[in-house]
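Notes follow the structure.
2 protein chains.
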Amino acid sequence: MPFAPLKNDTFLRACWRQSTDQTPVWLMRQAGRYLPEYVATRAKAGSFMGLATNVDYATEVTLQPLARYPLDAAILFSDILTVPDAMGLGLSFEAGEGPRFARPVRDEAAIRALRVPDLERLRYVFDAVASIRRALDGRVPLIGFSGSPWTLACYMVEGAGSSDYRLVKTLLYSRPDLMHHLLAVNADAVAAYLNAQIDAGAQAVMVFDSWGGVLADGAFQDFSLAYTARVLQQLKREGVDGQPVPRIVFTKGGGLWLEDMRGLDCEVLGLDWTVDLARARALVGEGPGAKALQGNIDPNVLFAPPAQIEAEVDKVLNAFGRPHTDPSAAGPTHIFNLGHGISQFTPPEHVAALVAAVHARSRALRGN
Amino acid sequence: MPFAPLKNDTFLRACWRQSTDQTPVWLMRQAGRYLPEYVATRAKAGSFMGLATNVDYATEVTLQPLARYPLDAAILFSDILTVPDAMGLGLSFEAGEGPRFARPVRDEAAIRALRVPDLERLRYVFDAVASIRRALDGRVPLIGFSGSPWTLACYMVEGAGSSDYRLVKTLLYSRPDLMHHLLAVNADAVAAYLNAQIDAGAQAVMVFDSWGGVLADGAFQDFSLAYTARVLQQLKREGVDGQPVPRIVFTKGGGLWLEDMRGLDCEVLGLDWTVDLARARALVGEGPGAKALQGNIDPNVLFAPPAQIEAEVDKVLNAFGRPHTDPSAAGPTHIFNLGHGISQFTPPEHVAALVAAVHARSRALRGN
């Protein structure tokens, strides 16, 4: 049974650097704890993984923010660490803490034993993608995602979040050969995982390099960027319905390496709030190999009153400047987003103010 | 009684962009928990603040790393948060945790009540500076320091370290007027504090903007850089012995804003490991308003074996390239350091390998 035709293609058009009447907007972690309806569903599911592995619950929470706000894209509800979990590392989420692996990978034997996992172990993700896509009924496109090879490696070696990345960097600096092996396995696993999401119905895919920015200059290019490129190289270009699937790469803290990222074979670069969008547009938003830009307001802006939120939205839109408006050509485009995931403490009504401001002000910016 | 004449001026010469035979090296947090002799002294002192407020202990630990390694500078043993402590916020260090303020500053009344503290409350710092300077006996220069106005504000509002800076950024975005007031008081307090360190014998001063990098583009310039500039503007240019006192500014995560920092009235910019030293040298190391550059190896390199440490030292030295060698003129210079404080888990013998490699390889780089 084919999926319903897409009614709002603003996000996909912007990914392809095509003109749009307004700037599309979605929010990283838009289905999350700041929404009381999410908290209620999670309580029913019992745990984060109980939520992520249940197709009905995952579908329900993915659609929750769309019921509140006129967002221009949906993103699969899942976690960036499902792939190493399927490799056998044992993912769990303690209440009030981040993710944790029961069996971190810290010695040569453990690293050499790693394999691209049997994708059947991730069937729950692909089932969720298909279910969400049906439930969306063509309202907005669905984004699939994964952690980047390096970001997965950080958690796989550290076993949890880290303030100094001591264990994973000790491995990197002491045994670069082992680190390259680990990253190669991760890259091939991430590529297979994203391809299966595309086959299940994902209309765009995003690689979250959440910890690329902790690497030294030089190490970033060798140990993160090169393996993101290895993922991109293997990705399917066409979705299950024959439409092209744009690819987004987001390196938190990667603003210094935009010129290196220009060479990536992807359509969109995500940016955090430290980056000046005017500068990013000049560096990678135009000319050969140009990318659409996604981001980049500080999520903490959402704690200010609506009037200040609107002023900060204006700053971000104005920093990017007027997107191109020529319907017959590709040119600079901007997808509005946060520079990082939304905080669980965000007042939901402030999100409404942000989304409304992006649409209204970005129409005005185009003279619409 | 005048202080002893300086025997090793390599660090100060490099600060002033004068040629040196080898690249000077010191390490942020070089007197710290990775040294067993430090742990022993701290045990005698009972607590971190017990250590920092006792002149004899502070002198003892400051000199400990110099007894082990041929470092080219000493840095006052203290904490970046002494100034807000003197403002009455009640600083303490829990075992195994970071700093904590008993009375964080979170509302208008508390912010309006803040004053530049009576410097007599910081007498223990100035006494330590004088004592350390005497104990150094001219061996290497002594660096004094403070946290930047913004970095102090982060701790003053959050009350402790933070993963998201939600409280301080909520204040910044909701009540920028109050944040500016807080930062102005901090800037004037930091300037007075550093001037008193200079009067007590500090031969260089450093402003640690440890949390500047968490700010959004635009906010960094308005809420961090502007107040660092306000500090620099008020600093004494001449030390107690009539020598000029160079000023170092280090913004962790500030690599994107180097061109903005070029305008600072200081001599040296500190850089973390995300920055390519070749690029930094091209941007701010030469021409009018040029700065000496300090940094920037990843402290985690010190967990690798000595051969890898030497290879990584080479990468950093080579990225900067050959410093100028013209004794009659100013030109590009590099002060070797870590890109952040040394980890408590560092093997002390690895530090010896790093320091030796910097000196040997940097002499070779100059053809010496």
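Protein chains in written order, with this note's numbering: chain A, 1 to 368; chain X, 1 to 368.
Backbone N, C-alpha and C fix where the C-beta goes; we use that ideal spot for every residue, glycine too.
Remember, predicted model here, so these are calculated numbers, not experimental data.
Check, Outcome
"Pro406 (chain A) bridges to which residues according to DSSP?", "As shown, chain A starts at 1 and ends at 368. That puts residue 406 (chain A) outside it, with no answer to give."
"Can you tell me which residues form a DSSP beta bridge with Asp209 (chain A)?", "A:Thr251"
"Quick check: the region 124 to 134 of chain X against the region 71 to 88 of chain X, are at least 3 beta-carbon pairs closer than 8 Å?", "yes"
"According to DSSP, Val268 (chain X) sits in a beta bridge with which residue or residues?", "X:Ile248 and X:Ala292"
"Apart from the five residues just before and just after Asp276 (chain X), which ones in its own chain have a Cβ nearer than 8 Å to its Cβ?", "Ala319"
"Is Ala74 (chain X) closer than 9 Å to Ile132 (chain X) when the C-beta atoms are compared?", "yes"
"According to DSSP, simplified to helix, strand and coil, what is Gly239 (chain X)?", "coil"
"Go ahead and label Gln234 (chain A) buried or exposed: buried means 16 or more other beta carbons lie within 10 angstroms of its beta carbon, across all protein chains shown.", "exposed"
"For the region 88 to 101 of chain X and the region 31 to 43 of chain X, state whether three or more C-beta atom pairs, one from each stretch, are separated by less than 8 Å.", "no"
"Can you give me the start and stop residues for the alpha helix (DSSP H) that Leu198 (chain A) sits inside?", "For clarity, residue 198 (chain A) is Ile in the given sequence; the question names Leu instead. Segment Pro176 to Ala200, the alpha helix (DSSP H) holding Ile198 (chain A)."
"Taking 9 Å as the CB-CB cut-off, is Pro327 (chain X) touching chain A?", "no"
"Applying the 10 Å Cβ sphere with the 16-neighbour rule, what's the burial state of Pro246 (chain X)?", "buried"
"Out of curiosity, what's the CA-to-CA distance linking Val25 (chain X) and Trp150 (chain X)?", "27 Å"
"Return the first residue and the last residue of the alpha helix (DSSP H) that Ser131 (chain A) is part of.", "Arg123 to Leu136"
"Could you check which residue in X:Ala160, X:Gly367 and X:Gly289 has the C-alpha nearest to that of Arg100 (chain X)?", "X:Ala160"
"Quick check on Trp273 (chain A) - is its C-beta less than 9 Å from some C-beta in chain X?", "yes"
"Quick check on Glu238 (chain A): buried or exposed, where buried means 16 or more other Cβ atoms within 10 Å of its Cβ?", "exposed"
"Along the region 288 to 304 of chain X, what residues have a CB closer than 7 Å to any CB found in chain A?", "Asp298, Asn300, Val301, Phe303 and Ala304"
"Ignore the nearest five residues each way along the sequence and tell me which others in Pro2 (chain A)'s own chain have a CB closer than 8 Å to its CB.", "Asp241"
"Between the C-alpha atoms of Val302 (chain X) and Trp257 (chain X), what's the straight-line distance to the nearest angstrom?", "Per the sequence presented here, residue 302 (chain X) reads as Leu, with Val not at that position. Each residue's alpha carbon lies about 27 Å from the other."
"Give the single residue among X:Gln64, X:Leu12 and X:Asp85 whose Cα lies nearest to the Cα of Asp72 (chain X).", "X:Leu12"
"Taking C-alpha atoms, which residue in X:Gly270, X:Asn300 and X:Asp222 lies nearest to Pro347 (chain X)?", "X:Asn300"
"Check whether the Cβ of Thr373 (chain A) lies closer than 9 Å to any Cβ atom in chain X.", "There is simply no residue 373 (chain A) to check, as chain A begins at 1 and stops at 368 in what is shown."
"With distance defined between alpha-carbon atoms, name the residue in X:Gln203, X:Val185, X:Trp211 and X:Ala109 nearest to Ala130 (chain X).", "X:Gln203"
"Going by C-alpha to C-alpha distance, which of X:Leu142, X:His181, X:Pro323 and X:Gln64 sits closest to Leu6 (chain X)?", "X:Leu142"
"For the region 317 to 345 of chain A, which segments carrying the beta strand (DSSP E) assignment without a break, of at least 3 residues, lie completely within its bounds, in sequence order?", "334 to 338"
"Is the shortest distance between the beta-carbon of Leu283 (chain X) and the beta-carbons of chain A less than 9 Å?", "no"
"Could you tell me the distance, in whole angstroms, from the CA atom of Ala357 (chain X) to the CA atom of Glu310 (chain X)?", "6 Å"
"Compute the Euclidean distance between the alpha carbons of Arg322 (chain X) and Pro305 (chain A), then round it to the nearest angstrom.", "52 Å"
"Leaving out five residues before and five after Leu167 (chain X) in sequence, what residues of the same chain have Cβ atoms less than 6 Å from its Cβ?", "Val157 and Glu158"
"In three-state DSSP terms, what is Ser47 (chain A)?", "coil"
"Since Gln197 (chain A) and Gly144 (chain A) should fall inside the 8 Å C-beta cutoff, what is the C-beta to C-beta distance between them, to a whole number of angstroms?", "3 Å"
"Tell me the rounded alpha-carbon separation between Pro117 (chain X) and Ala43 (chain X).", "30 Å"
"What is the residue span of the beta strand (DSSP E) that Ile143 (chain A) lies within?", "Leu142 to Gly147"
"Taking Ala86 (chain A) as part of the alpha helix (DSSP H), name the residues at either end of that continuous run.", "Unbroken run through Ala86 (chain A): none, as it is neither H nor E."
"Does Ser174 (chain X) get closer than 9 Å to chain A when you measure Cβ to Cβ?", "yes"
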